[in-house]
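Worksheet: the structure to be examined is printed underneath.
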Amino acid sequence: MDMSVWYLVGAILVFFMQCGFAAVEAGFTRAKNAGNIIMKNLMDFCIGTVVFVALGYGIMNSENYFFGLIGMPEYQMFTDFYAFDWSNFFFQLVFCATAATIVSGAMAERTKFSSYCIYSAVISAVVYPIEAGWVWNAQGWLARMGFIDFAGSAVIHMVGGISGLIGAIMLGARIGKYDERGNSRAILGHNIPLAAMGTFILWFCWYGFNGAAASDTAQLAQILGNTTIAPAVATVACMLFTWVKNGKPDVGMCLNAPLAGLVGITAGCASLDALGSAVVGVVTGILVVVIVETVDTKLHIDDPVGAVAVHGGCGLTGTVLTGLLATDGGLLYGGGFHQLGIQCLGVLAIAAYTIVTMTIVFQIIRAANGLRVSAEEEIAGLDSTEHGLPSAYADFMPTTTLTAMPGANAFPEPVAEGGKGVDQAAPVQVMSAPMPASDVKLSKVTVMCSQAKFEQLKSAMNDIGVTGMTVTQVLGCGIQKGRTEYYRGVPLSMNLLPKLQVDMVVSKVPVAQVVDAARKALYTGRIGDGKIFVYGVEQAVKVRTNERGYDALQGEE
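Under numbering that gives the first Met the number 0, the first residue of the sequence shown is numbered 0, with each subsequent residue one higher.
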């Protein structure tokens, strides 16, 4: 196999990670900001390319490297186009773009787009190239010491995670994220399937991320094996941990878990064996949950996508674990403390450099341009206020798909044992003074029920002669507020459930008959059967014929 070709193919896969990052971030945040997030993930690569060409690549890869710390910018791509090492340039460029895009997730939904463009440019031009040169330029001081970070657990992911942490602290939390007592509120992501698609894309592209620099096919196969074992084990560990902890496996956390495992194995993907990869997976799969919840509920730092935990925490951890688990020089493999010490030194140096530089960068941007949008802009959504985009989903609106058939319900609700029969159940709530039904009195009957029961309700209404109804999809809960559930470790104090609101205005069919038929169709004896409300209707007008009152409803019931 021609490894030089694979080197470029792997770099192309790394570029496509931008799509994965965009999908994960958009899915874990609200729909009103989806366009802004896509724009940021597009522009950090485009802006990053410009500044990396102008400055970053020379600082990182220059042959004139000063004191193992920084290179002198070179522009051979312009002066000697055909002799320039384009393979290395493209490879380093796509990695640089990854470091910049990680920051976006931690600062999502409240950052000025102009400020994002500025700090993304600074990261790609100066911040990343300097510390990456320490490790990946042969003259870099950490490279000469033997620091192991094969594909960037520390160089890329830890740097991105720490930068995002600093930015999130300076920005403050999203409006409504914490209550007056400081308790965290869950802000649900608008599209979990999109986040899942992004996770799969990132995992697929990670084979290029870790494997592109393999020296031969044998090493490539080993790297791909480790790049599969670690995230798989991490996800299983996360699933079991959240299952035991919260009573149910957490979907959002389990989408973070494979990324945590991938970040953790990136440093040692060419140095660990299968057992070491599994250990990295177990540690990062549990650690990502602990860090996400600690950052959110204890430190009150709002990170909508878990970037600090996935990239910062697991990037640091994976780099240090390489010093323990490397088959050549790792402490647990008989190598002593030498390699572990180098790994710890490298992590501390890169982290300290990132903290200092990004704090300065964010402080300057905040003073000169401002970091955060106004409260009004944040509430309205960044799509409209920052980009003039009314909605990223303009042609979509909520719909209800109802396929359950009476007698063969897709979501059966068995009657609770020992429960009361329908005739002994609580009486219907009447919202106005009780009114006897008559052939001329107009009454509105509103039924709140589960989606799964709609077909039974519709058939029951049809049987008694009521065929006109308006159906609306709503969210709600009763006085019980639903069972406490968790979203990414944060309890949902009020669990709003999908319901249907069915409105019927009746005249000829007696209200009591409508109520009784609806109760019999909906009753199971369990909490959540629904409620029925009865209102008086002052007037009804059929627009086409101008018929009013009783006559307006004929042909509708």
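Built from N, CA and C at the ideal position, the CB exists for glycine as well.
Because the structure is a prediction, the values reported are computed rather than measured.
Residue burial classification, Tyr74 (beta-carbon count within 10 angstroms, cutoff 16): exposed
task: Apply the 10 Å Cβ neighbour rule to Asp178 and answer buried if 16 or more other Cβ atoms are within range, or exposed otherwise.
output: exposed
- prompt: So Lys498 is in the beta strand (DSSP E); what residue range does that whole segment cover?
  reply: Leu496 to Val505
- prompt: In three-state DSSP terms, what is Leu474?
  reply: strand
message: Beta-carbon within less than 8 Å of Phe336's beta-carbon, same chain only, minus the 5 sequence neighbours each way: which residues are those?
response: Leu330
task: Going by DSSP, name the residue or residues bridged to Arg584.
output: Given that the chain is displayed from residue 0 to residue 556, the structure contains no residue 584 and the question cannot be resolved.
query: Can you tell me whether Ile364 is buried or exposed, with buried defined as 16 or more other CB within 10 angstroms of its CB?
result: buried
query: Rounded to a whole number of angstroms, what is the C-alpha to C-alpha distance between Met468 and Ala393?
result: 27 Å
field: Own chain, CB closer than 6 Å to Phe83, minus 5 neighbours either side, in chain order
entry: Gln75 and Met76
- prompt: From Ile186 to Lys176, what distance separates their C-alpha atoms?
  reply: 7 Å
Segment limits, beta strand (DSSP E) that includes Glu484: Glu484 to Tyr486
- prompt: In three-state terms, what does DSSP make of Gly34?
  reply: helix
- prompt: Three or more beta-carbon pairs under 8 Å between the region 187-199 and the region 17-27, yes or no?
  reply: yes
- prompt: What's the C-alpha gap between Val250 and Gln362?
  reply: 36 Å
Environment of Met0 [buried if 16+ CB atoms lie within 10 Å]: exposed
Element boundaries [alpha helix (DSSP H), containing Met196]: Ile191 to Gly210
task: Answer yes if the region 153-165 comes into contact with the region 306-326, meaning at least three C-beta pairs across the two stretches below 8 Å, and no otherwise.
output: yes
- request: Compare the beta carbon distance of Val294 and Ile300 with 7 Å and say whether it is the shorter of the two.
  value: yes
query: For the beta strand (DSSP E) that Ser442 lies in, which residues bound it at each end?
result: Ser442 to Ser449
- prompt: Applying the criterion that 16 or more other CB atoms from any shown protein chain within 10 Å of the CB defines a buried residue, is Val287 buried or exposed?
  reply: buried
query: Quick one: what's got a C-beta closer than 8 Å to Ala273's C-beta in the same chain, skipping five residues either side?
result: Gly224, Asn225 and Ile228
query: From Leu521, Glu537, Gln538 and Val536, pick the residue whose C-alpha is nearest to that of Lys530; which is it?
result: Leu521
- prompt: In chain order, what residues of the same chain lie with their CB nearer than 6 Å to the CB of Ala432, ignoring the 5 residues before and after it?
  reply: In this predicted model, Ala432 has a pLDDT of only 40, less than 50, meaning its place in the structure is not dependable enough to derive any value.
query: Is Gly163 closer than 7 Å to Val93 when the C-beta atoms are compared?
result: no
message: Residues in the same chain with beta-carbon distance under 7 Å from Gly340, minus the five sequence neighbours each way, listed in chain order, please.
response: none
- prompt: What is the rounded straight-line gap between the Cα of Thr402 and the Cα of Ala379?
  reply: Interpretation of Thr402 is limited by its pLDDT of 34, a score under 50 that renders its predicted location unreliable; the figure taken from the coordinates is listed afterwards. So the two alpha carbons sit approximately 35 Å from each other.
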